[in-house]
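**Q**
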Amino acid sequence: MYVVPDQRGKLAVVTGANSGTGKEAAKRLAAAGARVIMAVRTVAKGEAARAEILAEVPGAQLEVRRIDLADLASVQEFATGLIADESRLDLLINNAGVMNPPKRFSTADGFELQFGSNFLGPFALTLRLLPLLLAAPAPRVVTMSSGTANYGRIQFDDLNWDKRYSAGLAYAQSKLADLMMSNELARIATDRGWNLLSVAAHPGFTRTNLQTAGATLGAGAPKEPLANRILGRLLPSQEVAEGTEPLLYAATSPDARHGAYYGPSKGFGLIGPTKLANAPKRSRIEADNTRLWSVAEDLTGVTLAAQVS
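Written out as structure tokens, the structure is:
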């Protein structure tokens, strides 16, 4: 198992830290000495997760704060509060996500749910927190993608899937967009001479509640689709602790590379120890990455120029 290096003196924000890979990342970062902000949509669930972590890691420095990545006003409120309270941020982990809702939902701002909460929300959060990140000596932004990014396409003419909705393809688009964002941030950081690492990861096939949790699904969320349950029995899968390892490696390893992408090494990238993953070609087209970044700025109203002089 990957051993997280000493994180004492560091502040980390982990989105979706109430369950799954986010909770595991928060626990292991805290166990290594980091102070962790657990950024969650439902505070009660975040506090329950915090209590569970404290039972395993007595003395863990954990704080729960509310953020709804499907609501840009909530993202702004979270970032404004953090900037008011903190002088720097060492690590931002964009982990939270929703996958394959049973029908097309919209965010508070009118975007297709998966594109809005999986990509636009984290994009806005990352840009709004850049001043805090750049105040740290060696900041990192780590973004959780997915193996499904390999099947994603950015539909620039229909980003919100108004014409023909497919939950699976919309999810793949959102995860490809995350990878493109990570790569574009890496390019920007290099061009501007920032000492900031932008790294992406994917968990392989990890048994989490991602398919049945997330913004707007709430207590009335459906059970896990039958197809997912069948795939879970046919394909190799791993526990949350294992699936979080690529994320933690990207977030803390001194050997993690700027602009890299990490994932499991066995079972066609579904399970196993962490290695460099093969990023889809569509995530490595610089012109498309820059275009998507510009579109995201327009859609969210959050721009790099306004956040960083």
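Positions 11 to 319 (the numbering used here) are the ones given, in order, by the sequence shown. Quick reminder that beta carbons are idealized off the backbone N, C-alpha and C, glycines included.
1. So, at 7 angstroms on beta carbons, what are the nonlocal neighbours of Ile93 in its own chain, with the 5 sequence-adjacent residues on each side left out?
2. Using 8 angstroms for Cβ pairs, my map puts Asp188 next to Phe129. What's the rounded Cβ distance?
3. Of the residues Gly126, Thr310, Glu73, which one's Cα is nearest the Cα of Ala180?
4. Quick check on Gln17: does DSSP put it in helix, strand or coil?
5. Rounded to whole angstroms, what's the CA-CA distance from Leu309 to Ala41? Just pull it up for me.
6. For the candidate residues Pro149, Ala177, Pro213, Arg267, whose alpha-carbon lies nearest to that of Ala22?
7. In whole angstroms, what is the alpha-carbon distance linking Tyr175 and Ala80?
8. Look at Ala118 and Val85 and say whether their C-beta atoms are less than 8 angstroms apart.
9. Sort Thr313, Thr158, Ala159, Arg45 by Cα distance to Asp100 and report the nearest one.
10. Is Thr284 near Glu34, with beta carbons less than 8 angstroms apart?
11. Note down, in chain order, each residue of its chain lying with its Cβ closer than 6 angstroms to the Cβ of Gly224, except the 5 sequence neighbours on either side.
12. From the DSSP output, in three-state form, read off Met11 for me.
13. Kindly indicate which three-state DSSP category Tyr272 falls into: helix, strand or coil?
**A** The structure says:
1. Excluding sequence neighbours, Ile93 sits near Pro141, Leu142.
2. About 6 angstroms separates the two Cβ atoms, so the contact holds.
3. For the residues Gly126, Thr310, Glu73, the minimum Cα distance to Ala180 belongs to Gly126.
4. In the structure shown, the three-state DSSP call for Gln17 is coil.
5. Spanning the two alpha carbons is a distance of roughly 38 angstroms.
6. Sorting Pro149, Ala177, Pro213, Arg267 by C-alpha distance to the C-alpha of Ala22 places Pro149 at the top.
7. About 18 angstroms.
8. In this structure, Val85 does not lie closer than 8 angstroms to Ala118 by Cβ.
9. Between Asp100 and the set Thr313, Thr158, Ala159, Arg45, the nearest pair of CA atoms involves Arg45.
10. In this structure, the beta-carbon distance from Thr284 to Glu34 does not fall below 8 angstroms.
11. Note that Gly224 scores 46 on pLDDT, short of 50, meaning its location in the model is unreliable and no value can be drawn from it.
12. Reduced to three states, the DSSP call for Met11 is coil.
13. Three-state result, Tyr272: strand.
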